[in-house]
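Residue numbers (my numbering): 2 to 111.
Backbone N, C-alpha and C define an ideal beta-carbon position, used for all residues, glycine too.
Okay, so here's the structure we're looking at.
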Amino acid sequence: MAHLKIKKGDTVKVITGSLKGKSGKVVAVLPKTAQVKVEGLNIVKRHVKPSVVSPQGGIVDTHKPIDVSKVALVTGSGKTEKTSRVGYTIDKTGAKKRVLRQSNNKEIDS
């Protein structure tokens with residue numbers, strides 16, 4: 002099982018592939034497959050059979066996961082928007098904190 006540095010709720014930008022340049026919020030993280038589902042990206046149509054959960058059945062839009070190596074964390078907004086890799090540091094109290102590598106180890110989670 003892989004340890005992912007991207008968490009649910011983070012804003013990410015796709016850095017490779019057909020969706021390159023698009024960004025969105027992480028909806029789900031799949032650590033076993035090292036993938037993330039991003040809101041509004043990589044949406045596919047699934048044909049759902051009628052069942053107890055969905056008695057109507059039909060065609061449903063769902064998110065297809067993207068490999069975590071193809072996305073980068075986004076900080077800032079508008080013109081100050083930057084992508085960065087994520088690392089970890091341990092502060093004076095012994096707590097593990099996520100930091101941005103390209104922003105001189107600026108803390109993400111405060």
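Going straight from the alpha carbon of residue i to that of residue j, what length do you get?
| i | j | result |
| --- | --- | --- |
| Ser70 | Ser104 | 19 angstroms |
| Lys100 | Gln57 | A small correction: the amino acid at residue 100 is Val; Lys does not occupy that position in the sequence shown. Between Val100 and Gln57, the C-alpha separation is close to 46 angstroms. |
Cβ atoms of residue j and residue i: under 8 angstroms apart, would you say?
| i | j | result |
| --- | --- | --- |
| Val13 | Lys21 | no |
| Lys23 | Val87 | no |
| Lys38 | Asp62 | no |
| Lys80 | Thr90 | no |
Assuming residue i contacts residue j under a Cβ cut-off of 8 angstroms, what Cβ separation, rounded to an integer in Å, is found between them?
| i | j | result |
| --- | --- | --- |
| Val75 | Glu82 | 6 angstroms |
| Gly41 | Val49 | Incorrect: roughly 21 angstroms between the Cβ atoms, too far for contact. |
Please give me, in chain order, every unbroken run of the beta strand (DSSP E) with length at least 3 that falls completely inside the stretch 2-31.
List check, beta strand (DSSP E) in window: 12-15 and 24-31.
Counting Cβ pairs closer than 8 angstroms, one from the stretch 61-68 and one from the stretch 17-35, do we hit at least three?
At 8 angstroms Cβ cutoff, the stretches touch.
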